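Residue numbers (my numbering), protein chains in the order written: chain A, 5 to 408; chain B, 9 to 281; chain C, 4 to 322. Where is the CB? At the ideal position from N, CA and C, for every residue including glycine. For clarity, every value in this text was computed on a predicted model and none was experimentally measured.
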Amino acid sequence: MATVELDKLTKRYDDGTRAVSELELKVADRELLVVVGPSGCGKTTALRMVAGLERITSGTLRIDGRDVNDVAPKDRDVAMVFQDYALYPQMTVAQNMGFALRRRRMDKAAMRKRVGEVAEMLGLAEVLNRKPAQLSGGQRQRVAMGRALVREPAVFLMDEPLSNLDAKLRVHTRAEVMAIQRRLGVATMYVTHDQVEAMTMGDRVAVLRDGKLQQCDAPATLYDRPANVFVAGFIGSPPMNLYRGRLADDGLSVMLGEQVLPVAGEVQAALPGLPEYYGRELIVGLRPEHLVHPAGSSDLPGLVGDVKVVEMLGSEQLVHFGVAGARPFAATGEDGPTNLSTGEAVARLAARPPVHAGGSARFGVEVDQLQFFDGDSGLALAPTLSLRRTPSLAPGIAHDLKRH
Amino acid sequence: MIGRLESRLGYLMLTLGAVIALLPVLGVLLLALNKSTTATGGFPSISSLHPSNLGHVWTEAAFGPAMKASAIITLATVAISLVVSIPAGYAFATMSFRGRGLLFYLLLLGLLVPLEAVVIPLYFDLRHFGLVDNYWGVVLPDSALSVAFGSFWMRAFFLSTPRSLVEAARLDGVGAFETLVRVLLPLARPHILTMAVLVFVWTWNDFLLPLVMLSGSTIQTAPISLVFFQSQHTTDIVGLAGAAVLTAAPVIAVYVLLQRNFTRGMLAGAVKG
Amino acid sequence: MTTTHVTPAQTELAAARVLRVGAGRTQRIRGSPPPGEPRRIGYLYVLPALVLYVAFVLAPFVHTAILSLYSWDGVTPAHFVGLRNFRDIFSNPVLLSAFEHAFILIIFYAALPTVIGLLLAGIMARSPVRGMSLFSTVLFLPYVIAPTAVAVVWRWALAPDGPLNQLLHDVGLGGLAKPWLGDFNWALPSVGLIGTWVLYGLAMVLFLAGAQKIPRSLYDAARIDGAGPVWEFLSVTLPGLRNELVVVLVLTVTAALRNFDTVYVATSGGPGTATTVPSYLVYNTAFVVGSVGAAAALGLLLAVLIFVLNSAITRLGSQ
Ligand SMILES: Nc1ncnc2c1ncn2[C@@H]1O[C@H](COP(=O)(O)OP(=O)(O)OP(=O)(O)O)[C@@H](O)[C@H]1O
Ligand SMILES: [Mg+2]
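Written as structure tokens, this is what we have:
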């Protein structure tokens, strides 16, 4: 039963790198909080500060309400699963799992029983006497989990624990980790750079960028109501289509270059501040699944574009098309700019009838799903959203805005 | 075609090199085992082997005590330099204490200081402390001269182990010393063996330090016995060969046994002050 | 194949000798380390090593420097003489010639093995070497054997009625026979060749092992660019062996300057002063002649020489 509270945690390395800035997060009891963000955004650093492996430059870390900034890792009652597993190579699986327990002067029989139970749960009972080198990647991963589990810690910390597994095993193990976490109900901070992993596993997901928190919400909220263009571009695969636009003279529609989309009544009601943007730049976001197949969308508002590439996935097709006359906004994603930098929108459409590359087409738009962001700050226009707006994030995004 | 020719030329060179290295060694070995004590010149023949010559040299040159002294000095030096270098390398690699960089620099200076530049004060200063003409007078300086390399070598190993291993141990509540002993040292075996072999070879073969530090005592190391034997028996060629073989044998045995470890150290450019 | 992988320690160790790297990888400690990370306890871990080192290496070294400013016979009280010991070295032709001999020996100890080793590496760079493990075991052998034993054996082999001269007689070249180590012209080269014998195998193994690690594709690229064997050696093999070159030169040059055992046994510096070298003079002057101060000055100069040459070699290697 524990909570973890990161109160304005900041980490500056000796070389001056500001890896984490004023990070505000709270992991509730029994919660699995996923921290996600592009490479180098400070996820590992944040986790290591919680573990006590990295000195906190400023801010306060509380575990169960207790200030633990100066508490040694072993006294924080946290267990960590390392990305490279950090199994002791010369010890057997059983010894690896029991090592921490023996340190705690646990009774030998009780220790063996606990290790046995955890091994049973993780399906490691048969390999207890093997050494790490004699295990498969998946087994090694489970031993690393097991070593953390036997300690029954108050907090689990995991740093990309699945990244060394192949894709199939990763999906399987993901479910396993979730099930175990649910069962034990231990507050868990889970770091990954994989947004799919984040969305499927997290009770809540915290998105980090350049050491700053962008948004921390339940996956669905994160997806439906991204707090800013960065989150919008980062979460979702394929990511949200983002275009620059401005309000039309009537104030009831938005113009993407030459193309006009009406602003739905629901949106107008939800965004009372929208009219203030008259004459100012907006960024308009639209998820690929909110575009509608050209066949059967003639009664909907639409966007016209040249179809460039069609990815047929069997159950659906991803259609890449250039929105005629519109200026795309490139959010910086994990691997540099997302697909929008090519100026193409992506539509996720029913597989039939197939759309053919080469021609021009008109795609329907579910205009009630449009998202609006401030053209200067990149923040979502949404007074009702539950997001935390970090004031300091604006400059970073403003920088992006200037570049494009 | 050209590649094959080159490759053949290369093997020819290697083989020639190996023969030139090995032939004198084999020749001396055969000579040492030769029957006739008055053998002169020419290459000794295999047919007339006679190992008892070695026994003769063993007693004549008092090689028994010399081998024992060499063994004591060498093993003690290996042990002390390991016991001292391992924790130092560990601390330099994994612990952050003030002045760490400076102290490490200071220690590295030892790689550059030749024995010739310290042997004089060693003799005259240690004389005051009764550390001359006994084992300590050789063992302590010899260990100290190996410490610079040893600390460096072990630090390099500890730096090469994944940091997460030490951190996992820290989270497991394992103290620094136990982390060293239980987690890291089992992994360090090849590295430690390399250091042990190198220090063994350096120390056993060393001549100057024992010559100076043991000059007033009856303790003689094997190389000293060999040189004394030579100065008294310049014409006893078979005896000389035997003495040379006896002096070199322990090192060669260790070398052949742990050749891989030795090579690793040499490839890294190991050298003692 | 033996361990042909070179530890990252290789360059570092060579470079560390002249203190150019080494502490470079030790990150600076500025901010306080994380809680629970061992800190001050670190002093305890390095203390034994430092005590031993300071007591038996560093302090004696400083004492050598001090002694070099005195005239002392080791028994009666010492007199401060300033830099006179050094002036004596530079004005005494016998002492100066010892350093000259040292440089000549560097040719035999360092240059010759390096050339042999590089030649082999150049020839074999592109083909995998079978039996490398066996070759390296044998080639290292002369380096492993006690230098005293090596010198004893060569002293016999090069003796007036030794096997070498006998061989010369047998093949009809008796006119060339001479007391090699007793000949004023031949003693120094003979001592040098003993060093060559000890060290050429080491150079061969190190360079060959290094050459095996040069990516084959570099040679293919050179071929396509129309490179001949010489150009290929200069543009691919030699640059690829930079680390090994540093290591070999450091090892061999140091060996050339620290060959006390060989000289003591093989020639005792003779005939005359034909083979006196600094390391032999340090011992002889201090413990036989009894001029401790002068010997200390020689020892100090030797250390400086080793330091300077090592840093020159390392600098050469890092360019
Ligand atoms: N010991 C260190 N000294 C200086 N800078 C560091 C150190 N460790 C990390 N950094 C820097 O801090 C920033 C955050 O690094 P961190 O490892 O926390 O990123 P991450 O989000 O875990 O990335 P990844 O997904 O690639 O693991 C990076 O810019 C990194 O270069
Ligand atoms: Mg990371």
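- Using a CB distance cut-off of 8 Å, R43/C counts as an interface residue toward chain B.
- The residue among V359/A, R144/A and A351/A with its C-alpha nearest the C-alpha of A299/A is V359/A.
- At least one heavy atom of ligand 1 falls within 7 Å of the beta-carbon of A23/A.
- Residue pairing from DSSP places K15/A in a beta bridge opposite V24/A.
- Listed by position along chain A, the residues whose Cβ is nearer than 8 Å to that of E14/B form an empty set, because the closest Cβ is around 40 Å away.
- Nearest in C-alpha terms to G247/B, of all of G277/B, N42/B and R12/B, is N42/B.
- For the pair P41/C and D74/A, the CB atoms are not nearer than the 8 Å cut-off.
- Take the alpha-carbon of F236/C and the one of A114/C: they are about 18 Å apart.
- Taken through DSSP and simplified to helix, strand or coil, E315/A comes out as strand.
- With a threshold of 8 Å between beta carbons, A104/A makes no contact with chain C.
- Shown in chain order are the members of the region 64-98 of chain A whose Cβ falls below 9 Å from a Cβ of chain B: A76, P77, K78, D79, R80, V82, A83, M84, F86, Q87, D88, Y89, A90, L91, Y92, P93, Q94 and M95.
- At a cut-off of 8 Å, the C-beta of F236/B has no neighbouring C-beta in chain C.
- DSSP places E320/A in the uninterrupted beta strand (DSSP E) bounded by E320 to V327.
- Nearest to V49/C by alpha-carbon distance, out of L216/B, L148/B, R163/B and Y131/B, is R163/B.
- Between ligand 1 and the CB of D198/A, the shortest heavy atom gap is not smaller than 7 Å.
- Here the alpha carbons of A83/A and R155/A stand approximately 7 Å from one another.
- Residues V65, A230, S233, A251 and L254 of the same chain have their beta carbon placed closer than 8 Å to that of F71/B, with the five preceding and five following residues left out of the count.
- Take the alpha-carbon of L161/C and the one of V266/C: they are about 14 Å apart.
- Secondary structure at N245/A: strand, using DSSP grouped into helix, strand and coil.
- The Cβ-Cβ distance between I245/B and W159/C falls below 8 Å.
- Secondary structure of P266/A (DSSP, three-state): strand.
- Residues of the same chain with a CB within less than 8 Å of the CB of Y286/C, apart from the 5 flanking positions on each side, are F263, Y267 and A298 in chain order.
- Boundaries of the beta strand (DSSP E) harbouring K216/A: K216 to D221, taken from the DSSP string.
- In this structure, DSSP gives H197/A a state outside helix and strand, which the three-state scheme calls coil.
- With fewer than 16 other Cβ atoms from the protein chains shown falling within 10 Å of its own Cβ, R12/B counts as exposed.
- Three or more Cβ pairs drawn from the region 201-215 of chain B and the region 148-155 of chain C lie within less than 8 Å of each other, which places the two stretches in contact.
- In this structure D79/A is exposed. Its beta-carbon is surrounded by fewer than 16 other beta-carbon atoms within 10 angstroms.
- At least one heavy atom of ligand 1 lies less than 7 Å from the C-beta of S43/A.
- In this structure, the beta-carbon distance from A148/A to D68/A does not fall below 8 Å.
- Taking the C-beta atoms as reference points, L307/A is found no nearer than 8 Å to V350/A.
- The beta carbon of E58/A falls within 8 Å of a beta carbon belonging to chain C, placing the residue at that interface.
- Beta-bridge analysis with DSSP links I287/A to R248/A and F377/A.
- Contact fails between the region 78-90 of chain C and the region 163-176 of chain C, because fewer than three Cβ pairs, one in each stretch, are under 8 Å apart.
- Residues of chain B with a Cβ closer than 7 Å to the Cβ of A55/A are, in chain order, L179.
- Contact check for P198/B and N269/B: beta-carbon distance about 6 Å, within the 8 Å limit, so the pair qualifies.
- In this structure, L30/B is the residue among S15/B, V262/B, L30/B and V259/B with its C-alpha nearest to the C-alpha of F138/C.
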